[in-house]
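FYI, in the working numbering the residues of the sequence shown are 1160 to 1437.
Ideal Cβ positions, reconstructed from N, Cα and C, are used throughout, including at glycine.
The model shown is predicted, which means the values in this text are computed figures rather than measured ones.
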Amino acid sequence: MQILSTGLDVDLFLKTIQGKTLALVPTMGALHDGHLALVRHAQMLADAVIVTIFVNPLQFGPAEDFDRYPRTLHQDLSALRPLGIAAVYAPEALDMYPDGVPLTRIHNPIMGSVLCGAHRLGHFDGVLTVVMKLYQRFRPHVMVFGEKDYQQYLMIHTMMRDLDVPAHIASLPTQRAKDGLALSSRNAYLTQDQRAIAPHLYQTLRQLKDALILNPNDVKSLLDHGCQRLHQEGFEKVEYLEALTLKDLSPWQGPQTPGRLFVAAHLGGVRLIDNIAI
Ligand code: PAF
């Protein structure tokens, strides 16, 4: 497994795997079993797999957790080594953004203005921009993303289609702990008590989904009820709980269109997100 830090490393490495199909798994490190599942999935889709590890400053707001985001490169490399991937690309910010903050960003005003986009201003511009830069650097045949960040996956998929980028965007269902909590690097911030409350996020989504299928005309009151339940279970703040269509993240109108339930809620200052298909 080669460790690449600079654009030059990348160019030299790419020469050594000419003719092979390439799958890229972009991450911000602090790898858990969910990431490792993405890597295994990527291995089924291409000859060579590259994992990128980069805590992208462009996708964090000024009051967000960029400084305290877990950085565990040593452990991450140890977790990846046994998988037999071709390389890890772990650049410094200066290698990704040599001129400092880039003046150009990729912006999706429709899908980027709801859910996490409404609460994390500029977040998806930062995500789309870094994903496009990673694509340009490696020109992979396929890029693999987790469905825990479903809005992100959908927006990247849309960006590639809108901009005629010939990469396949693959996704893998959310990996969960036995009690249903979606695996996330931010779970490491939870205390034991908060960790015991956290699975209610997924349980609430499951109950809500069943209720929506039985009563598709009661979307608003069922969502309100779901919010109340999360507060009762101990979540301090429900940022959003919404039922949206997959096409463009507009409000879900009933079972005739494919939809998804999305939630973001705060527990002891930790922001947790989850989503499931309706
Ligand atoms: O999902 C993440 O970890 C990040 O948003 C990504 C896609 C690696 C871009 O920085």
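- For Ile1315, the enclosing alpha helix (DSSP H) has its first and last residue at Tyr1309 to Asp1321.
- Per DSSP, the beta bridge partners of Thr1211 are Pro1185 and Tyr1248.
- With fewer than 16 other Cβ atoms from the protein chains shown falling within 10 Å of its own Cβ, Pro1414 counts as exposed.
- At a cut-off of 8 Å, the beta-carbon of Pro1332 does not count as near the ligand PAF: no heavy atom of the ligand is closer than that.
- Annotation for Asp1254: Ser1164, Thr1165 and Gly1166 place their beta carbon closer than 8 Å to its own, counting only its chain and skipping 5 residues before and after.
- Straight across, the Cα-Cα distance linking His1194 with Pro1268 is about 29 Å.
- At least one heavy atom of the ligand PAF lies less than 8 Å from the C-beta of Asn1215.
- At least 9 Å separates the beta-carbon of Ile1432 from that of Gly1418.
- The beta-bridge partner set that DSSP reports for Ser1330 consists of Phe1304.
- Restricting attention to Pro1358, Gln1311 and Glu1306, the CA atom closest to the CA of Gln1334 is found in Glu1306.
- If you draw a straight line from the Cα of Leu1287 to the Cα of Gln1311, it comes to about 8 Å.
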